[in-house]
Amino acid sequence: MSLFVPNRYRGKLIVVEGIDGSGKSTQLSLLSHWLRSQGFAVAFSEWNSSPLVRETTRRGKKKEMFTPTTFSLIHCTDFADRMESYILPLVKAGAIVCADRYSYTAFARDVARGVSRRWVRNLYRFAIHPNLAFYFRVPLDVALGRILGGRDAIKYYEAGMDLGLARDVEESFRIFQGRILDEYEAMAEEMGFHVIDATQSIEEQQRHMRDIVMSEIGGDLKNGILHAPEGGEFHAQARTAPVL
Amino acid sequence: MRKLEPLQFYSETLPGVDVSELQGKLIVIEGPDAVGRSTQVTLLHQWLEQEGHAVLDTGMARSALAGKGIQMAKEGNTLGPITMTLFYTTDFADRLENEIVPALRAGFVVLIDRYIFSIMARATARGENRRWIEQVAGFALKPHAVLYLRAEVEQLVSRVVLGRGAFDYWESGMDLRFGPDMYESFVRYQKKLIQALDTMVEPYEFTVIDASQPVPKIFRELQRQVSRLRLRRMPTARPPSRKARS
Chain A
14 MSLFVPNRYR
24 GKLIVVEGID
34 GSGKSTQLSL
44 LSHWLRSQGF
54 AVAFSEWNSS
64 PLVRETTRRG
74 KKKEMFTPTT
84 FSLIHCTDFA
94 DRMESYILPL
104 VKAGAIVCAD
114 RYSYTAFARD
124 VARGVSRRWV
134 RNLYRFAIHP
144 NLAFYFRVPL
154 DVALGRILGG
164 RDAIKYYEAG
174 MDLGLARDVE
184 ESFRIFQGRI
194 LDEYEAMAEE
204 MGFHVIDATQ
214 SIEEQQRHMR
224 DIVMSEIGGD
234 LKNGILHAPE
244 GGEFHAQART
254 APVL
Chain B
-3 MRKLEPLQFY
7 SETLPGVDVS
17 ELQGKLIVIE
27 GPDAVGRSTQ
37 VTLLHQWLEQ
47 EGHAVLDTGM
57 ARSALAGKGI
67 QMAKEGNTLG
77 PITMTLFYTT
87 DFADRLENEI
97 VPALRAGFVV
107 LIDRYIFSIM
117 ARATARGENR
127 RWIEQVAGFA
137 LKPHAVLYLR
147 AEVEQLVSRV
157 VLGRGAFDYW
167 ESGMDLRFGP
177 DMYESFVRYQ
187 KKLIQALDTM
197 VEPYEFTVID
207 ASQPVPKIFR
217 ELQRQVSRLR
227 LRRMPTARPP
237 SRKARS
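Quick note, the sequences are listed as chains A and B, same order. Note that my numbering has the first sequence beginning at 14, numbered continuously upward. Note that my numbering has the second sequence beginning at -3, numbered continuously upward.
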C-alpha cells in the first residue's frame, strides 16, 4: 500500500518540514505571499489548529495527560479534521494549499517519542500526497540558538519532558530535538524532500524555494490553478490560531 | 471459548505495557445502538460484584481526555468520518492506558460497553478502509470474550420508539446524508453497522447472543458465557486510579 492518497485534483499542496527553529514558517509565509501576488488562490493550514480538536489538546497538555499513543492520535485527529473540512476541499477546488508541517512531523516526532514507525505511518494513510515537500535542514545547535534566544519558555511536551530524558527543560529539549532531527534525516530521501539549507540567508533560501516551485510545478500552475479576479486577492486562512 | 493467558495485543504493542502483569479479565459487550447493551452491563456489573469480584466498567466517549471533546464535536455539523474515527480511537486509547490496563494489572474484571469493533463498524459503514482502521486500532488488547448482542434492525427500531421515543442524529447516521428522514436513515445506517459487526464474528471470535429475547433471558445467557471464563476472585484488589504525575 502506498504512503498517501495521490493528488488527482487541480489544486496543489506544498508543505514545509523541519525541527523547531529551522525557519520553515518564515519561508512558507514568504512563498505564499509571493504565490498570492501572482494572483493564485493560496490557502494556509498550520499543524495542530483544528477548532474541533483544540479543547481536547489544550486540556491534555495542561493536565499532562498524554502518553505517546494518545499524543500521536490526537494530533492525527486534528490533522484529519483539517484534511476533511479544509485542505482536501480547497485542493479539489483548485487552490494552492500551503501547510506548515504535515504528516512527516508525526513520522519524526511520534517515533522520537517511542511510537511504532509502522503504526504511525499507517495512521496518516488518508492524507493526500503533497506536490512539494520542503525540508529545512539545520544543525541542531543553530536551531537551538534561534529558539532558546528569543522566545517564551519551552513547553512540557515540546521539550519532550514526558519522556523523562532530563530534569532540565532545556537539556530535555536539546535531546528530544536531536532525536527528531535524526528521524527527519533518516526519511529525507525516502520521502523525496526538497532539502533547503536553512543556514543560508532568508533571501537565498526563498530564492531556492521559488526555483524549485517553478521547475517542479510551474507548468501546472499556468493551467488549472484558481486565479483571483483582477485586482482582488484570495485569502484563505486557518480558521483559528494554533494551540501551542 | 478460547482462553488467552496472558492477554495479547492485536498487532501493535503499547509502549510501557507488560502483558504478563495483566492478571484481570477483559470482557467486551458489543452490539448496535439501542440493542440493550448498557442494561446488560449494569446487570453483569452488579452480579459480578455480588460474586466477590472487583469490577470496572467503561464505555465509549467516557475518557477523561477526549470524552468532552467528542460530545462537543458531535454537537456541531462538521465532524468528518475520518476525524470521528480517530477521535474515538483517541478516547479508547486514553481509557485503555489509564483505566483498563491499570485495572487489569490489579486483577479486576473489566467490562467494556463497546470496544474497537464499534469504532471499526462505524468507520466501514462510512466507507473507510477496513484494513486501515484495523491497524490504527491494532494496539487494543484481545479480550477474553466478546459478547455480541445481535438483533435485527426492526427490533432496534421498536426499542428506540418505545424507549427514548425519538431518533438520535448520530445513531441514525444522518451525517451519511441518506436523506432527510431520520427513521429511514436509522434503518439503513443500523443495517450497515449490523452487517459490519457480522463480518467480525469469525475473525474476532465473537460469541453471538440473540438479543431479541427478553432482558432476563439475555442476562442468563451472558452469565453462562462469563462463568465459562473461570474468573478468579481477587479479594485484595484495590480500585485503580489515574496514574499520579509529578
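A virtual CB, placed ideally from N, CA and C, is assigned to each residue, including glycine.
Handout entry: Start and end residues, alpha helix (DSSP H) containing residue 153 of chain A
Key = 153 to 162
Problem - CB contact below 7 Å: residue 76 of chain B versus chain A - result: yes
Exercise for the section: Please confirm if residue 5 of chain B has its CB atom under 7 Å from at least one CB of chain A. Expected result: no
Problem - Three-state secondary structure assigned by DSSP to residue 209 of chain A - result: strand
Exercise for the section: Pull up the distance between the alpha-carbon of residue 143 of chain A and that of residue 27 of chain A, whole angstroms please. Expected result: Their backbone Cα atoms lie some 6 Å apart in a straight line.
Handout entry: Where residue 127 of chain A meets chain B, residues with beta-carbon distance less than 9 Å
Key = 11, 12
Problem - Closer than 7 Å to chain A by CB, residue 162 of chain B - result: Chain A places no beta carbon closer than 7 Å to that of residue 162 of chain B, leaving this residue out of the contacts.
Practice task
Could you confirm whether any beta carbon from chain B is found closer than 7 Å to the beta carbon of residue 27 of chain A?
Solution key: no
Handout entry: Run of the alpha helix (DSSP H) containing residue 93 of chain A, from where it starts to where it stops
Key = 81 to 95
Problem - Check whether residue 90 of chain B and residue 33 of chain B have beta carbons under 7 Å apart - result: no
Exercise for the section: Please name the residues in the stretch 53 to 80 of chain A whose beta-carbon is closer than 9 Å to at least one beta-carbon of chain B, in chain order. Expected result: Answer set for the stretch 53 to 80 of chain A: 63, 64, 65, 66, 67, 68, 69, 70, 72, 73, 76, 77, 78, 79, 80.
Practice task
Taking 7 Å as the cut-off, decide whether the C-beta atoms of residue 94 of chain A and residue 48 of chain A are in contact.
Solution key: no
Exercise for the section: For residue 12 of chain A, decide whether its Cβ has a neighbour in chain B, counting only Cβ atoms nearer than 7 Å. Expected result: The structure shown does not extend to residue 12 of chain A, since chain A is modelled only from 14 to 257, so the question has no answer here.
Handout entry: Alpha-carbon spacing of residue 143 of chain B relative to residue 117 of chain B, whole angstroms
Key = 15 Å
Handout entry: Exposure of residue 46 of chain A, with buried meaning 16 or more beta-carbon neighbours within 10 Å
Key = When all chains shown are included, residue 46 of chain A counts as exposed.
Problem - Neighbour list for residue 65 of chain B in chain A, Cβ cutoff strictly below 7 Å - result: Here the neighbours are 66, 68, 69.
Handout entry: Short Cβ contact (7 Å threshold) for residue 118 of chain A with residue 86 of chain B
Key = no
Practice task
Anything in chain B within Cβ reach of residue 211 of chain A, meaning under 9 Å, just list it in chain order.
Solution key: Correct list: empty, because the minimum Cβ distance to chain B is about 31 Å.
Problem - Neighbourhood of residue 182 of chain B by C-beta distance below 6 Å, restricted to the same chain and skipping five residues each side - result: 163, 168
Handout entry: Straight-line gap, residue 147 of chain A to residue 239 of chain A (C-alpha atoms, nearest Å)
Key = 23 Å
Problem - Assigned secondary structure, residue 106 of chain B (DSSP; H/G/I helix, E/B strand, else coil) - result: strand
Handout entry: Cβ neighbour criterion (16 or more within 10 Å) applied to residue 257 of chain A
Key = Any reading at residue 257 of chain A must be qualified, since the residue scores a pLDDT of 39, below 50, and its modelled position is unreliable; the value itself is stated next. Residue 257 of chain A is classed as exposed because its beta carbon has fewer than 16 other beta carbons within 10 Å across all chains shown.
Practice task
Can you grab the Cα-Cα spacing for the pair residue 122 of chain B / residue 112 of chain B, in whole Å?
Solution key: 15 Å
Practice task
Use the C-beta contact count for residue 227 of chain A: other C-beta atoms within 10 angstroms, 16 or more gives buried, fewer gives exposed.
Solution key: exposed
Problem - Reduced DSSP category for residue 245 of chain B - H, G, I as helix; E, B as strand; rest coil - result: Given that chain B is displayed from residue -3 to residue 242, the structure contains no residue 245 of chain B and the question cannot be resolved.
Practice task
Leaving aside the five residues before and after residue 204 of chain B along the sequence, list all residues of the same chain whose C-beta is less than 8 Å from its C-beta, in chain order.
Solution key: 144, 146, 197
Problem - Beta-carbon proximity list for residue 30 of chain A, same chain, < 6 Å, skipping 5 on both sides - result: So the qualifying residues of the chain are 117, 148.
Exercise for the section: Could you tell me the distance, in whole angstroms, from the CA atom of residue 181 of chain A to the CA atom of residue 106 of chain A? Expected result: Distance between the alpha carbons of residue 181 of chain A and residue 106 of chain A is about 48 Å.
Problem - Minimum C-alpha distance to residue 178 of chain B - residue among B:192, B:194, B:190, B:157 - result: B:157
Handout entry: Proximity of residue 218 of chain A and residue 230 of chain A at Cβ, strictly below 7 Å
Key = no
Practice task
Reducing DSSP to helix, strand and coil, say where residue 101 of chain B ends up.
Solution key: helix
Practice task
Tell me, please, whether the CB atom of residue 118 of chain A is closer than 7 Å to any CB atom in chain B?
Solution key: Answer no: the Cβ-Cβ gap between residue 118 of chain A and chain B never drops below 7 Å.
Handout entry: Residue-level contact to chain B via CB, residue 20 of chain A, 7 Å cutoff
Key = Residue contact check for residue 20 of chain A against chain B: no CB pair falls below 7 Å.
Practice task
Give the straight-line distance between the Cα atoms of residue 120 of chain B and residue 33 of chain A, rounded to the nearest whole angstrom.
Solution key: 37 Å
Exercise for the section: Identify which residue in A:201, A:237, A:57, A:160 has its Cα closest to the Cα of residue 35 of chain A. Expected result: A:160
Problem - Span of the alpha helix (DSSP H), counted from its first residue to its last, around residue 118 of chain B - result: 112 to 121
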